[in-house]
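Asks: This is the structure, below, for whatever I ask next.
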Amino acid sequence: MAEAAICAEMEALGGLEKYQQASLQGQREDRGGDSSRVLMDWLEAEKLSTSIGGEDGRLRMLEVGALSTDNACSKSGLFDITRIDLNSQGGGILQQDFMERPLPRDNSEKFDIISLSLVLNYVPDPRGRGDMLRRTIEFLHGTRAYQSTPVSDMFPCVFLVLPAPCVTNSRYLDEERLVSIMASLGYTPKFSKTTQRLVYYLWKSGTKPKRPQEFSKKEIRSGPTRNNFAIVLKKQG
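Using our numbering, read the sequence shown as starting at 876 and increasing by one per residue.
Here you go:
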């Protein structure tokens, strides 16, 4: 997408400064804290303090757009975390584009959970956002890996965080449409939370969709104060 179009979309979400603040506040202490605390609250509510196993007895997490190695997930001891970001800000974070990351060769390279905390909103075009959500499936274990384990009701899953206006004030996306898009990819909502600035979701993978669906950029709410955030999902093949 051209630079002008990217800037226009950011302005539609309240301007570049507000756009960046809404994104960064989920990770930085001075902007409200660490978004992964919400995830940990949900897991603790499910009494998940142990994992399904693995080399070190921890669940494997892929954290896309990682800003820190000191967040709540890192401190929990529950996860073995692989952290990537387009512009790594420090040690322990691999500089890598998720869309260019090599696909897993076998189960040893797959994950139990993928964190997309304030990542999807930085993808500059609606089709790219849909492609990113679809690509998460390739990196997650299948549901058979969790049979007869204490985490079978939760994993595999995706933790998704977005600036609230992307869902609450968009012309092209609301929660109902987001649920439909995710359902078409085999995801069901497990938990959700909405605050003034952010929306949080935990999506469990494993529900096989009845048939492929396509979601275009279709206006579902009108009004001059709406923003243009959208997710477009094309049928594969």
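Positions of the beta carbon are idealized from the N, C-alpha and C atoms, including for glycine.
(1) Where does the unbroken beta strand (DSSP E) through M936 begin, and where does it stop?
(2) Determine the direct distance from the alpha carbon of N1044 to that of L1015, and round the result to whole angstroms.
(3) Can you have a look at P1001 and say buried or exposed, based on whether 16 or more other CB atoms are within 10 angstroms of its CB?
(4) Quick one: any contact between the region 912-922 and the region 1081-1088, if contact means 3 or more CB pairs under 8 Å?
(5) Indicate whether V1042 and L1048 have their beta-carbon atoms separated by less than 7 Å.
(6) Considering I1056, what are the terminal residues of the alpha helix (DSSP H) in which it resides?
(7) Please report the distance separating the alpha-carbon of S911 from that of C948.
(8) Pop quiz: G940 and V998 are said to be a contact at Cβ under 8 Å. What is the actual Cβ separation, rounded to whole angstroms?
(9) Pick helix, strand or coil for S983, following the three-state DSSP scheme.
(10) Which runs of the alpha helix (DSSP H), 4 residues or longer, sit entirely within the region 969-1024?
(11) Rounded to whole angstroms, what is the Cα-Cα separation between G967 and N946?
(12) State the start and end residues of the unbroken beta strand (DSSP E) segment that holds R958.
(13) Smallest Cα separation from Y1062: which of L914, R1010, L1037, P1038?
(14) I need the DSSP call for S1080, collapsed to helix, strand or coil.
(15) What span of residues does the alpha helix (DSSP H) with T1069 cover, start to end?
(16) Taking E1013 and L978 to be in contact with their CB atoms under 8 Å, please state how far apart those CB atoms are, rounded to whole angstroms.
(17) State yes or no: is the C-beta of F986 within less than 7 Å of the C-beta of R935?
(18) Just reading off the beta strand (DSSP E) that V1036 is part of, what are its end residues?
(19) Apart from the five residues on each side of it in sequence, which residues of its chain come closer than 7 Å, Cβ to Cβ, to S951?
(20) Can you look up L918 in the DSSP assignment and give me helix, strand or coil?
(21) Could you tell me whether the Cβ atoms of K1065 and L1073 are closer together than 7 Å?
(22) So E1105 is in the alpha helix (DSSP H); what residue range does that whole segment cover?
(23) Using three-state DSSP, classify S1027 as helix, strand or coil.
(24) Is the beta carbon of I956 less than 7 Å from the beta carbon of E975?
(25) With DSSP as the reference, identify every bridge partner of L1073, one or two as the case may be.
Replies: The structure says:
(1) As a working mapping, residue 936 is identified with position 61 in the sequence shown. Here the beta strand (DSSP E) through M936 covers 934-939.
(2) By 1-based counting over the sequence shown, the position of residue 1015 is 140. By 1-based counting over the sequence shown, the position of residue 1044 is 169. Going from the Cα of L1015 to the Cα of N1044 covers about 31 Å.
(3) As a first step, residue 1001 is located in the sequence shown; it is residue number 126 there, counting from the start. Under this definition P1001 is a buried residue.
(4) no
(5) The residue you call residue 1042 lines up with position 167 of the sequence shown. The residue you call residue 1048 lines up with position 173 of the sequence shown. Against a cut-off of 7 Å, the Cβ pair of L1048 and V1042 comes out as a contact.
(6) For this step, residue 1056 is matched to residue 181 along the sequence shown. Its alpha helix (DSSP H) spans residues 1050-1059.
(7) In the sequence shown, the residue the question calls residue 911 occupies position 36. In the sequence shown, the residue the question calls residue 948 occupies position 73. About 6 Å.
(8) Numbered from 1 along the sequence shown, position 65 holds the residue referred to as residue 940. Numbered from 1 along the sequence shown, position 123 holds the residue referred to as residue 998. In fact, because the Cβ distance is near 10 Å, the residues do not count as touching under 8 Å.
(9) For the purposes of this step, residue 983 is identified with residue 108 of the sequence shown, where counting begins at 1. In the structure shown, S983 sits in a helix (DSSP, three-state: H, G or I).
(10) 1001-1011
(11) Along the sequence shown, read from residue 1 onward, the residue named residue 967 stands at position 92. Along the sequence shown, read from residue 1 onward, the residue named residue 946 stands at position 71. Looking at the two C-alpha atoms, the distance is approximately 12 Å.
(12) Translated into the one-based positions of the sequence shown, residue 958 becomes position 83. Per DSSP, R958 belongs to the beta strand (DSSP E) from 954-960.
(13) Looking up residue 1062 in the sequence shown gives position 187. Nearest C-alpha to Y1062: R1010.
(14) Counting from one through the sequence shown, the residue named residue 1080 turns up at place 205. Here S1080 sits in strand by DSSP.
(15) Taking the sequence shown and counting its residues from 1, the one referred to as residue 1069 is at position 194. That residue, T1069, is in no alpha helix (DSSP H); its beta strand (DSSP E) goes 1062-1069.
(16) As a first step, residue 1013 must be located in the sequence shown, where it is residue number 138. As a first step, residue 978 must be located in the sequence shown, where it is residue number 103. Confirmed, about 5 Å.
(17) Counting from 1 along the sequence shown, the entry for residue 986 is found at position 111. Counting from 1 along the sequence shown, the entry for residue 935 is found at position 60. Taking 7 Å as the Cβ cut-off, F986 and R935 qualify as a contacting pair.
(18) Counting from one through the sequence shown, the residue named residue 1036 turns up at place 161. Element bounds for V1036: 1032-1038.
(19) Taking the first residue of the sequence shown as 1, we reach residue 951 at position 76. Closer than 7 Å at the Cβ level, and outside the excluded window around S951, lie M915.
(20) Along the sequence shown, one-based indexing puts residue 918 at 43. If DSSP states are grouped into helix, strand and coil, L918 belongs with the helices.
(21) Here the question's residue 1065 lines up with position 190 in the sequence shown. Here the question's residue 1073 lines up with position 198 in the sequence shown. No. Outside cutoff.
(22) Indexing the sequence shown from 1 puts residue 1105 at position 230. Residue 1105 is actually Ala in this sequence, not Glu. Element bounds for A1105: n/a, residue is neither H nor E.
(23) Mapped onto the sequence shown, residue 1027 falls at position 152. Coil.
(24) Along the sequence shown, read from residue 1 onward, the residue named residue 956 stands at position 81. Along the sequence shown, read from residue 1 onward, the residue named residue 975 stands at position 100. Contact flag unset, no.
(25) Within the sequence shown, residue 1073 is the residue found at index 198, counting from 1. DSSP, once it has assigned bridges, lists P1038 as partnering L1073.
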